[in-house]
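Below is one structure, written out as structure tokens, with a few remarks after it.
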Amino acid sequence: MGFRRRLTLLSVLAATPLVLDGCTADRMPGARHPERKVAPPELTVTPGDQSRDVPISAEVGTRVSGGRITAVRITDDKGAEVKAEPREDGSAWVPSKPLQPKRTYTAEVTATGDKGKTTTRKTTFTTTPKSTKPAITSTLYFDGNQTYGTAMPVTVAFDPPIPKAARADVQRRLFVKTNPPQPGTWSWLDDGSEVYYRAPDFWRPGTTISVRSGLEGLPIGKDRVGDADRTATSKIGRQVSLEIDNATKQMSVLRDGKLIRKIPVSLGKPSTPTSSGKMVIMEKHQYTTFDTRGDPMGGYVVDVEDAQRLTDGGEFIHGAPWSEGDQGQTNVSHGCTNVSAAAADWLMGVTQVGDLVTFTGTEVKLEAGNGWTAWNVGWDEFVKGSALPVPAGLGPAPTNTPHPGAVAGGSPAPTPSVRGG
Numbered sequence: 072m073g074f075r076r077r078l079t080l081l082s083v084l085a086a087t088p089l090v091l092d093g094c095t096a097d098r099m100p101g102a103r104h105p106e107r108k109v110a111p112p113e114l115t116v117t118p119g120d121q122s123r124d125v126p127i128s129a130e131v132g133t134r135v136s137g138g139r140i141t142a143v144r145i146t147d148d149k150g151a152e153v154k155a156e157p158r159e160d161g162s163a164w165v166p167s168k169p170l171q172p173k174r175t176y177t178a179e180v181t182a183t184g185d186k187g188k189t190t191t192r193k194t195t196f197t198t199t200p201k202s203t204k205p206a207i208t209s210t211l212y213f214d215g216n217q218t219y220g221t222a223m224p225v226t227v228a229f230d231p232p233i234p235k236a237a238r239a240d241v242q243r244r245l246f247v248k249t250n251p252p253q254p255g256t257w258s259w260l261d262d263g264s265e266v267y268y269r270a271p272d273f274w275r276p277g278t279t280i281s282v283r284s285g286l287e288g289l290p291i292g293k294d295r296v297g298d299a300d301r302t303a304t305s306k307i308g309r310q311v312s313l314e315i316d317n318a319t320k321q322m323s324v325l326r327d328g329k330l331i332r333k334i335p336v337s338l339g340k341p342s343t344p345t346s347s348g349k350m351v352i353m354e355k356h357q358y359t360t361f362d363t364r365g366d367p368m369g370g371y372v373v374d375v376e377d378a379q380r381l382t383d384g385g386e387f388i389h390g391a392p393w394s395e396g397d398q399g400q401t402n403v404s405h406g407c408t409n410v411s412a413a414a415a416d417w418l419m420g421v422t423q424v425g426d427l428v429t430f431t432g433t434e435v436k437l438e439a440g441n442g443w444t445a446w447n448v449g450w451d452e453f454v455k456g457s458a459l460p461v462p463a464g465l466g467p468a469p470t471n472t473p474h475p476g477a478v479a480g481g482s483p484a485p486t487p488s489v490r491g492g
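Residue numbers for the sequence shown follow my numbering, beginning at 72 and rising by one.
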């Protein structure tokens, strides 16, 4: 009953605004309507105050409602400021370098509401002593001060592989920034031995990519920790790609999507076929030696010139003057792409680590993880390998992008044993 009477009263008030306006002259001088109190933001900061045995990979986490973070200051126990950057979602401030073992740190965080009210929280925590747990070895296949091809994935390899339950924690400590912005995502191999980062489309030429693999001291499962904190910044060069068709025994070399040369090739013979799929040039050697004496199918040792690695298993493009009579006609190699000595030398000046190489029409398909195989699946399949949610709306552009590639020069760290052929 009281509720209905209140509704009736409100209806009368709303229906008679002129009466209320007419009464304003009768108000007491200086009378004011009471203002609604504005509450300050609610702010929670982690690690909790007086926390101990905090990992050196720790971040200052923030959760705020009714406002936004406007100041963060982190200092060590000697008063020195610790540089940190916010995550894109604002959920934490990440120290630019790992914290030191068995040291005390203080974080002071301020949040400001829409009406200017502020809340400040301070937390002091102590990091764990230097870990005695075995470290998982990580390898970042992205060097600094290089010019890479437009298909270059950022690749991190792990030994032993990362268990599925720990991949989200590891992925959160892998950072990629691009300028101009071209967001992407990480995708894990099923066995956890590698994780790749790429955008939905090939990198735009001229893009700068900065990478941080911030794994030092990160707890990985119950028994291991991350080994190191690594950073690298490099650029993307002009577009170059190679397309190799087993049916025609020809390689098409394209720059900016335009054919600039065709080269006869000899691929893997039926007993040692070349893989079909999308590969990426991994490294380049002016001179190298193929040593396959451990191969159960029979081995050999041969010196080659102008060799470009495409797979971990040992598929290369290289100069093969001994098979020039077969190139363009017959497959005679042990899985490599044989070209003439002159063509191999020319290719070394055109291609770049990170260029896309596409093979079609051979007897076997490229296996996931046999090289940097981030482009061997479509985007919808690639994102399934992420251990974290992928931003909504992130996907390929509606129009076809030009062929990928890059300018000459540079090479990442060496990859495993050579097969050759």
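Glycine included, each C-beta is placed from N, C-alpha and C at the ideal position.
Neighbour-count burial assignment, T194, 16 or more Cβ in a 10 Å radius: buried
Candidates E395, E434, N216, G220, of which the one nearest R275 by Cα: G220
For G348, which residues in the same chain have their Cβ closer than 8 Å to its Cβ, ignoring the five residues on either side in sequence? T429, F430, K436, L437, T444, N447
Could you spell out the range, first to last residue, of the beta strand (DSSP E) harbouring R139? 139-147
Are the CB atoms of P335 and T433 nearer to each other than 8 Å? no
Taking three-plus beta-carbon pairs below 8 Å as touching, is the region 178-197 in contact with the region 119-139? yes
Alpha-carbon to alpha-carbon, P205 and I307: 36 Å
Determine the closest residue to A378 out of G215, T422, S167, Q357, with distance taken between C-alpha atoms. Q357
Whole-number beta carbon distance between S337 and V421, since they are thought to touch under 8 Å: 20 Å between Cβ atoms; not a contact.
Between G442 and G263, what straight-line distance do the alpha-carbon atoms span, to the nearest angstrom? 15 Å
Go to A228, then tell me how far its beta strand (DSSP E) extends in each direction, as first and last residue. 225-230
Secondary structure at L418, three-state DSSP: helix, strand or coil? helix
Just the Cα atoms here: how many angstroms apart are A270 and D426? 15 Å
Considering only residues of the same chain and omitting the five flanking positions on each side of T382, which have a CB-CB separation below 6 Å? N441, G442
What are the complete alpha helix (DSSP H) segments, minimum 4 residues, inside the region 399-445? 412-419
Quick check: T181 and T226, are their CB atoms within less than 8 Å of each other? no
Does the region 452-462 touch the region 244-257, meaning 3 or more C-beta pairs lie closer than 8 Å? yes
Compare the C-alpha of I207 against each of S136, D298, E354 and name the closest. D298
Is the beta carbon of I352 less than 8 Å from the beta carbon of Q423? yes
Which residue from M419, G449, P231 puts its Cα closest to that of L313? M419
Residues sharing a beta bridge with N250, DSSP: T279
Please list, in chain order, all residues of the same chain as D397 whose beta carbon is under 6 Å from its beta carbon, the five residues on each side excluded. S337, V403
Which value, in whole angstroms, describes the spacing of the CA atoms of F361 and H405? 11 Å
Hey, L286 and V247 are a contact pair by Cβ (cut 8 Å); roughly how many whole angstroms apart? At roughly 14 Å, the Cβ-Cβ gap does not stay under 8 Å, so L286 and V247 are not in contact.
Alpha carbon to alpha carbon, what distance is there between Q310 and F273? 10 Å
CA nearest to the CA of T319, picked from S162, I280, F229, Q400: Q400
Among the residues of its own chain, which have a CB less than 6 Å from the CB of S136, if the five just before and after it don't count? E113
Beta-carbon separation of E156 and V165 under 8 Å? yes
Whose C-alpha, out of T249, N216, T177, D124, is nearest the C-alpha of K201? D124
Along the alpha helix (DSSP H) that carries E452, what are the first and last residues, could you check? 450-453
Cβ neighbours of D374 in the same chain (closer than 6 Å, five flanking residues each side left out): T360
Among G328, T302, C407, P392, nearest to S342 - alpha-carbon criterion: C407
Counterpart residues of S323 in DSSP-defined beta bridges: E314, K333
Going by DSSP, name the residue or residues bridged to S346. V435
Can you list, in chain order, the residues of its chain whose CB lies under 8 Å from that of A468, leaving out five sequence neighbours each side? P271, D272
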